[in-house]
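Top line first, the protein sequences correspond to chains A and B. So for the first sequence, the numbering used here puts the first residue at 52; every next one is plus one. So for the second sequence, the numbering used here puts the first residue at 52; every next one is plus one. Each residue gets a CB set at the ideal place from its N, CA and C atoms; glycine is no exception. The structure displayed is predicted, hence computed values, not measured ones. Below: one structure, written as structure tokens.
Number of protein chains: 2
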Amino acid sequence: MSKDFSTREENFSQWYNDLVIKADLAENSAVRGCMVIKPYGFSIWEKMQAALDKMFKDSGHSNAYFPLFIPKSFFNKEAAHVEGFAKECAVVTHYRLKKSPDGKDIIVDEDAKLEEELIIRPTSETIIWNTYKGWIQSYRDLPILVNQWANVVRWEMRPRLFLRTAEFLWQEGHTAHATEKEATEEALKILDIYADFAENWLALPVLKGFKTPGERFAGALETYCIEALMQDGKALQAGTSHFLGQNFAKAFDVKFMNKENKQEFVWATSWGVSTRLMGALVMAHSDDKGLVIPPKLAPIQVIIIPIYKTDEEFALVSEKIIQIKKSLEKRGIAVKFDSRDTQKPGFKFAEAEFRGIPVRLAVGPRDVSNGTVEVVRRDTLEKSIYQQTDLENKITNLLDNIQQNMYEKALSFRENNTYKTDSYEDFKKILDEKGGFISAHWDGTSETEEKIKEETKATIRCIPVNNESEEGKCIYSGKPSSQRVVFARAY
Amino acid sequence: MSKDFSTREENFSQWYNDLVIKADLAENSAVRGCMVIKPYGFSIWEKMQAALDKMFKDSGHSNAYFPLFIPKSFFNKEAAHVEGFAKECAVVTHYRLKKSPDGKDIIVDEDAKLEEELIIRPTSETIIWNTYKGWIQSYRDLPILVNQWANVVRWEMRPRLFLRTAEFLWQEGHTAHATEKEATEEALKILDIYADFAENWLALPVLKGFKTPGERFAGALETYCIEALMQDGKALQAGTSHFLGQNFAKAFDVKFMNKENKQEFVWATSWGVSTRLMGALVMAHSDDKGLVIPPKLAPIQVIIIPIYKTDEEFALVSEKIIQIKKSLEKRGIAVKFDSRDTQKPGFKFAEAEFRGIPVRLAVGPRDVSNGTVEVVRRDTLEKSIYQQTDLENKITNLLDNIQQNMYEKALSFRENNTYKTDSYEDFKKILDEKGGFISAHWDGTSETEEKIKEETKATIRCIPVNNESEEGKCIYSGKPSSQRVVFARAY
Numbered sequence: 052m053s054k055d056f057s058t059r060e061e062n063f064s065q066w067y068n069d070l071v072i073k074a075d076l077a078e079n080s081a082v083r084g085c086m087v088i089k090p091y092g093f094s095i096w097e098k099m100q101a102a103l104d105k106m107f108k109d110s111g112h113s114n115a116y117f118p119l120f121i122p123k124s125f126f127n128k129e130a131a132h133v134e135g136f137a138k139e140c141a142v143v144t145h146y147r148l149k150k151s152p153d154g155k156d157i158i159v160d161e162d163a164k165l166e167e168e169l170i171i172r173p174t175s176e177t178i179i180w181n182t183y184k185g186w187i188q189s190y191r192d193l194p195i196l197v198n199q200w201a202n203v204v205r206w207e208m209r210p211r212l213f214l215r216t217a218e219f220l221w222q223e224g225h226t227a228h229a230t231e232k233e234a235t236e237e238a239l240k241i242l243d244i245y246a247d248f249a250e251n252w253l254a255l256p257v258l259k260g261f262k263t264p265g266e267r268f269a270g271a272l273e274t275y276c277i278e279a280l281m282q283d284g285k286a287l288q289a290g291t292s293h294f295l296g297q298n299f300a301k302a303f304d305v306k307f308m309n310k311e312n313k314q315e316f317v318w319a320t321s322w323g324v325s326t327r328l329m330g331a332l333v334m335a336h337s338d339d340k341g342l343v344i345p346p347k348l349a350p351i352q353v354i355i356i357p358i359y360k361t362d363e364e365f366a367l368v369s370e371k372i373i374q375i376k377k378s379l380e381k382r383g384i385a386v387k388f389d390s391r392d393t394q395k396p397g398f399k400f401a402e403a404e405f406r407g408i409p410v411r412l413a414v415g416p417r418d419v420s421n422g423t424v425e426v427v428r429r430d431t432l433e434k435s436i437y438q439q440t441d442l443e444n445k446i447t448n449l450l451d452n453i454q455q456n457m458y459e460k461a462l463s464f465r466e467n468n469t470y471k472t473d474s475y476e477d478f479k480k481i482l483d484e485k486g487g488f489i490s491a492h493w494d495g496t497s498e499t500e501e502k503i504k505e506e507t508k509a510t511i512r513c514i515p516v517n518n519e520s521e522e523g524k525c526i527y528s529g530k531p532s533s534q535r536v537v538f539a540r541a542y
Numbered sequence: 052m053s054k055d056f057s058t059r060e061e062n063f064s065q066w067y068n069d070l071v072i073k074a075d076l077a078e079n080s081a082v083r084g085c086m087v088i089k090p091y092g093f094s095i096w097e098k099m100q101a102a103l104d105k106m107f108k109d110s111g112h113s114n115a116y117f118p119l120f121i122p123k124s125f126f127n128k129e130a131a132h133v134e135g136f137a138k139e140c141a142v143v144t145h146y147r148l149k150k151s152p153d154g155k156d157i158i159v160d161e162d163a164k165l166e167e168e169l170i171i172r173p174t175s176e177t178i179i180w181n182t183y184k185g186w187i188q189s190y191r192d193l194p195i196l197v198n199q200w201a202n203v204v205r206w207e208m209r210p211r212l213f214l215r216t217a218e219f220l221w222q223e224g225h226t227a228h229a230t231e232k233e234a235t236e237e238a239l240k241i242l243d244i245y246a247d248f249a250e251n252w253l254a255l256p257v258l259k260g261f262k263t264p265g266e267r268f269a270g271a272l273e274t275y276c277i278e279a280l281m282q283d284g285k286a287l288q289a290g291t292s293h294f295l296g297q298n299f300a301k302a303f304d305v306k307f308m309n310k311e312n313k314q315e316f317v318w319a320t321s322w323g324v325s326t327r328l329m330g331a332l333v334m335a336h337s338d339d340k341g342l343v344i345p346p347k348l349a350p351i352q353v354i355i356i357p358i359y360k361t362d363e364e365f366a367l368v369s370e371k372i373i374q375i376k377k378s379l380e381k382r383g384i385a386v387k388f389d390s391r392d393t394q395k396p397g398f399k400f401a402e403a404e405f406r407g408i409p410v411r412l413a414v415g416p417r418d419v420s421n422g423t424v425e426v427v428r429r430d431t432l433e434k435s436i437y438q439q440t441d442l443e444n445k446i447t448n449l450l451d452n453i454q455q456n457m458y459e460k461a462l463s464f465r466e467n468n469t470y471k472t473d474s475y476e477d478f479k480k481i482l483d484e485k486g487g488f489i490s491a492h493w494d495g496t497s498e499t500e501e502k503i504k505e506e507t508k509a510t511i512r513c514i515p516v517n518n519e520s521e522e523g524k525c526i527y528s529g530k531p532s533s534q535r536v537v538f539a540r541a542y
């Protein structure tokens with residue numbers, strides 16, 4: 052643990068990087084662009100996985116596993132997809148190494164060149180739809196509701212821990228349906244699951260919307276997304292769900308016999324969230340004292356620190372702490388008793404704070420005799436003295452309260468940083484001075500979207516679902532517009 | 052579902068392959084040597100993962116994640132390791148594709164050649180020890196008890212679903228310790244966990260032992276293993292735990308300050324089990340009617356099939372089934388009500404049997420009026436009529452009983468197929484006629500081990516832990532031997 056790290060004010064980007072590394076979430080590896088997710092960081096990711104996995108299964112999805120490798124030719128089968136994904140890829144060309152002639156080194160064995168290169172999956176639509184061809188003959192085989200948890204690789208020129216790494220972990224759902232309607236409903240159902248997960252687990256309010264054609268997933272007819280706002284006023288795309296139409300079915304010739312005994316192409320969706328959410332978690336909630344983790348995702352929810360001078364006092368205090376720990380654990384709370392004798396309480400307090408543990412308890416000899424316990428909540432750093440009576444209920448309520456408070460704080464931050472403007476000058480000024488989401492009129496053309504992006508680095512994050520229609524004029528071209536869209540600079 | 056598959060007697064290998072494919076566990080993919088693990092197969096693997104993961108965590112281990120890629124030079128750092136692993140590997144040489152000059156194809160962009168090739172991890176000792184160097188300074192940083200769930204790639208010339216695939220899923224534990232004693236204890240603790248898991252979850256009796264130097268993991272000072280016997284009399288290595296000494300610490304210069312303030316190299320273990328266990332599960336228990344899955348790993352433990360002629364009967368029967376389902380689910384049993392109206396009961400029975408569902412219930416109108424239910428257990432195919440009263444307890448007991456019975460059946464199979472011989476002629480005859488484990492004297496030399504392997508294809512599976520010492524003569528060389536070792540032909 053270390054506190055010598057930047058503040059958000061000084062340098063948000065440095066603050067983020069310092070925090071991720073020093074709070075033991077992740078670090079850069081010896082392989083450029085690839086990270087090591089450390090045990091503390093991984094345990095948060097595991098909690099995210101468990102929550103999402105349950106939501107997927109409760110809505111009828113199953114997990115499966117498809118190959119890491121994709122034959123190069125597969126990328127060429129779907130025209131839009133190849134443009135988007137067959138570029139910055141890791142390419143496997145050989146399958147053997149051998150000793151160098153002098154015996155000192157190992158070199159690639161040129162005799163072991165693959166006939167066709169294999170690409171490390173950047174996403175799995177192609178290999179999965181090639182597989183689905185064998186699984187689908189009739190409408191009875193549909194729907195297929197499959198998800199996989201996997202690693203994927205997209206070569207990144209400017210990697211950043213969690214936010215943009217060459218290898219990252221994610222889940223990718225790939226579903227197959229008999230009708231367009233069903234596929235669209237599936238894509239929207241997943242969007243709701245993602246939003247629910249972001250709000251109720253990450254304590255992160257999100258805008259649900261759909262992307263403009265220019266921002267769509269390569270191969271999708273519609274990309275739905277959830278967009279969150281970080282503390283520096285930049286947006287972060289936290290999850291996407293794609294309606295793929297029949298594009299991949301056509302590319303891989305996947306047809307089914309419908310109820311009317313006619314051959315038809317299958318309808319598809321795909322959807323994913325990734326370890327990027329770890330970055331969102333940090334940038335949305337943490338502060339200049341360290342991580343702030345929502346209780347539902349905290350590997351340790353309560354840490355108990357003993358205050359003592361003598362061995363006798365330690366024995367006395369420990370007994371009480373173990374009793375408290377047990378009563379909290381019975382309620383399903385993850386508790387750690389920080390019994391190390393190598394560190395002083397002050398160090399332990401700062402460490403617990405830095406690592407974002409939602410609730411910190413301290414118990415000293417006087418607490419034992421008074422029947423009290425000192426309680427500090429991480430989100431507000433507020434200190435209280437609780438009576439030990441009924442402590443498990445009080446702590447359960449406090450954890451709920453912290454989860455809720457973190458959400459509300461993030462929500463009011465977003466509300467305070469969402470602007471509406473009808474002037475391009477004002478638009479640019481907001482972007483430069485404040486950041487945030489900007490709701491503005493747009494003429495609906497890719498040209499205008501591109502121009503605004505070139506001039507301001509702001510992109511259209513989404514067109515909100517259930518957007519209100521409103522007559523207006525495009526802030527850039529002055530042409531008529533029938534609705535506002537949401538702009539921001541983004542990660 | 053399909054029953055047109057080989058019997059074990061006719062062709063064990065074909066039976067295995069047919070079963071894996073037709074029971075929807077896995078299939079070959081478009082990429083040679085890589086499999087697709089289908090939802091049904093994957094749900095069994097998930098149950099294995101959950102059980103093992105809990106055992107690891109309960110014994111103090113945490114999960115983390117390390118990069119998929121390993122710089123080629125890392126392999127050269129540990130002499131024995133390079134021999135074992137830097138051969139049949141997938142090699143990444145480029146990081147970009149581009150359009151071919153005619154615009155019709157995509158090709159590897161030769162401008163995007165990596166300075167140093169990256170190897171897809173065949174195992175992660177090198178990248179992990181390179182990382183641990185940054186994590187370890189003092190004895191206070193030890194032990195490190197880390198595991199990762201990951202995919203690995205070892206190019207296979209003769210792939211077989213689950214048993215030998217180019218890409219497979221596994222867990223790999225990598226621990227770092229201050230003393231040799233602690234590392235050895237860790238390796239043995241994991242061996243016990245593996246044996247416990249094999250016996251209590253897979254219902255698979257295993258021999259615990261250690262490998263001869265010739266069969267050790269490349270880079271290990273000692274390889275402990277669990278060895279199981281398949282129904283065709285061949286052995287299968289079901290898990291390994293390695294004591295790595297200070298080999299990787301020396302290769303990556305990982306030292307720590309010990310309590311006496313002296314720099315010392317760190318001691319290491321690594322250990323893993325893989326999707327190979329899925330193959331073991333099939334080959335140990337299944338029969339000519341299909342899969343037989345131990346209840347603790349069965350995604351569906353009880354299937355309920357309605358027997359009816361009219362819609363009224365269906366309504367009547369369904370009501371009772373839903374009631375039974377709920378009462379079983381309350382007890383934590385995974386139940387499926389097979390309510391499809393597109394299939395007849397006979398088909399459903401055969402399908403449930405084929406997919407290895409431990410318990411099948413059938414409920415017809417007469418059962419409703421009599422308060423009965425027809426029960427068939429998959430392991431013995433025994434049929435009974437149960438009174439509905441207290442059914443949840445009866446079924447819970449039946450599932451326990453099936454789990455236990457499967458273990459005992461596998462154990463008596465192993466006992467009936469374990470031989471002791473002092474004659475090489477007899478040894479060869481047993482191998483050819485019966486297979487199984489053969490306990491025989493060996494002179495302790497690699498030369499003899501190699502000769503026996505060349506002549507009979509049998510290998511020394513292990514030297515059992517707590518082996519009895521017994522004076523004898525090597526079956527091959529006639530030289531003196533002080534203990535028997537266990538031979539078998541193996542997967």
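Residue i - DSSP class collapsed to helix/strand/coil
i: Gly92 of chain A; result: helix
i: Gln222 of chain B; result: strand
i: Asn114 of chain B; result: strand
i: Asn79 of chain A; result: strand
i: Ile413 of chain B; result: The residue you asked about is not Ile; residue 413 of chain B is Ala in the sequence shown. If DSSP states are grouped into helix, strand and coil, Ala413 of chain B belongs with the strands.
i: Thr510 of chain A; result: strand
i: Gln455 of chain B; result: helix
i: Glu97 of chain B; result: helix
i: Ser420 of chain B; result: helix
Cβ-heavy atom distance, residue i to the ligand MN, below 7 Å
i: Leu348 of chain A; result: For the ligand MN, the structure offers nothing, since it holds no ligand at all.
Close beta carbons around residue i, own chain, < 6 Å, minus the five adjacent residues each side
i: Lys530 of chain B; result: Asp494
i: His145 of chain B; result: Val159, Ala163, Lys164
i: Lys149 of chain B; result: Asp160
i: Gly523 of chain A; result: His492, Ser532
i: Ala246 of chain B; result: Val257, Lys259, Ile277
i: Ser378 of chain A; result: Glu443
Start and end residues, alpha helix (DSSP H) containing residue i
i: Asn251 of chain B; result: 231-251
i: Trp180 of chain B; result: 176-186
i: Pro122 of chain B; result: No alpha helix (DSSP H) holds Pro122 of chain B; the beta strand (DSSP E) holding it covers 120-122.
i: Leu148 of chain B; result: Where Leu148 of chain B is concerned, there is no enclosing alpha helix (DSSP H), although the beta strand (DSSP E) it sits in stretches over 148-150.
For residue i, the residue or residues it bridges with in DSSP
i: Gly290 of chain B; result: B:Ile277
i: Gln199 of chain B; result: B:Glu223
i: Asp338 of chain A; result: A:Gly341
i: Ser189 of chain B; result: B:Met308
i: Arg211 of chain B; result: B:Arg215
i: Thr469 of chain A; result: A:Phe488
Contacting residues, own chain, Cβ-Cβ under 8 Å from residue i (five flanking each side not counted)
i: Arg267 of chain A; result: Glu273, Thr274, His293
Extent of the continuous beta strand (DSSP E) to which residue i belongs
i: Ala319 of chain A; result: 318-325
Next on the checklist: Short of 7 Å Cβ to Cβ, which residues in the stretch 140-152 of chain B face chain A?
Outcome noted: Cys140, Ala141, Val142, Val143, Thr144, His145, Tyr146, Arg147, Leu148
Item to check | Proximal residues, the stretch 84-99 of chain A versus chain B, C-beta separation under 7 Å | outcome: Cys85, Val87, Ile88, Lys89, Pro90, Phe93, Ser94, Glu97
Checklist entry - Using Cβ-Cβ distances below 8 Å, what residues of the stretch 99-115 of chain B are close to chain A? => result Ser113, Asn114, Ala115
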